[in-house]
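Chemist: In the working numbering, the protein residues as written are 1 to 167. The C-beta atom is built at its ideal place from N, Cα and C for all residues, glycine as well. Because the structure is a prediction, the values reported are computed rather than measured.
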């Protein structure tokens, strides 16, 4: 064989040596038929890349807030915080209701004691100006306690879900 015959390029797919073209990208030799198939394969790969690109572009165009894991953490923190606040508020309501009930019972007892003193003194006809002054003062103080809001302080600790009332 001559040197020129052994150096003749052949199609990588069918080993024919007529009408050979070299692909500049992969540096392989193809005959006329297979160069068309090679170009079709490359065109198919380009189509796939373009589809991936389009999908990526669509993903970028859509709001990505829903997919961000930090947003899920914020949502969970929000729900947990609201739940803690609701527990603390319910505890505060119950505690306040108990305190108001205790105050009402104490005021009722004070009122009953005054009533007993007034009736006993009236029946025995045993009272003086000093007694009248004392009873007036007691009634005035009782009236003030009934009509005035409590001077207790409300301290809320949301983290501990506690409510503390201080007089």
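What is the DSSP secondary structure of residue 135, reduced to helix, strand or coil?
Modeler: Residue state, collapsed to three classes: helix.
Chemist: DSSP puts residue 29 in a beta bridge; with which residues?
Modeler: 22
Chemist: Check for me: the alpha helix (DSSP H) holding residue 76 runs from which residue to which?
Modeler: 69 to 124
Chemist: Quick check: residue 11 and residue 34, are their CB atoms within less than 7 Å of each other?
Modeler: yes
Chemist: For the putative contact between residue 111 and residue 142, defined by C-beta atoms under 8 Å, what is the C-beta separation to the nearest angstrom?
Modeler: 6 Å
Chemist: Taking contact to mean at least 3 C-beta pairs separated by less than 8 Å, is the region 129 to 148 in contact with the region 104 to 118?
Modeler: yes
Chemist: For residue 26, does the count of other Cβ atoms within 10 angstroms reach 16, so buried, or fall short, so exposed?
Modeler: exposed
Chemist: In this structure, does DSSP put residue 10 in helix, strand or coil?
Modeler: Residue 10: coil per DSSP, three-state reduction.
Chemist: Have a look at residue 68 and residue 40 and give me their C-alpha separation to the nearest angstrom.
Modeler: 40 Å
Chemist: Do residue 29 and residue 22 have their CB atoms nearer than 7 Å?
Modeler: yes
Chemist: Does residue 14 pass the burial test, meaning 16 or more other C-beta atoms within 10 Å, or should it be called exposed?
Modeler: exposed
Chemist: Roughly how many angstroms lie between the CA atoms of residue 32 and residue 24, to the nearest whole one?
Modeler: 15 Å
Chemist: If distances are taken between C-alpha atoms only, which option among 125, 60 and 140 comes closest to residue 201?
Modeler: Since the displayed the chain opens at 1 and closes at 167, residue 201 lies outside it and no answer follows.
Chemist: Whole angstroms is fine: what's the gap from residue 46's alpha carbon to residue 75's?
Modeler: Distance between the alpha carbons of residue 46 and residue 75 is about 42 Å.
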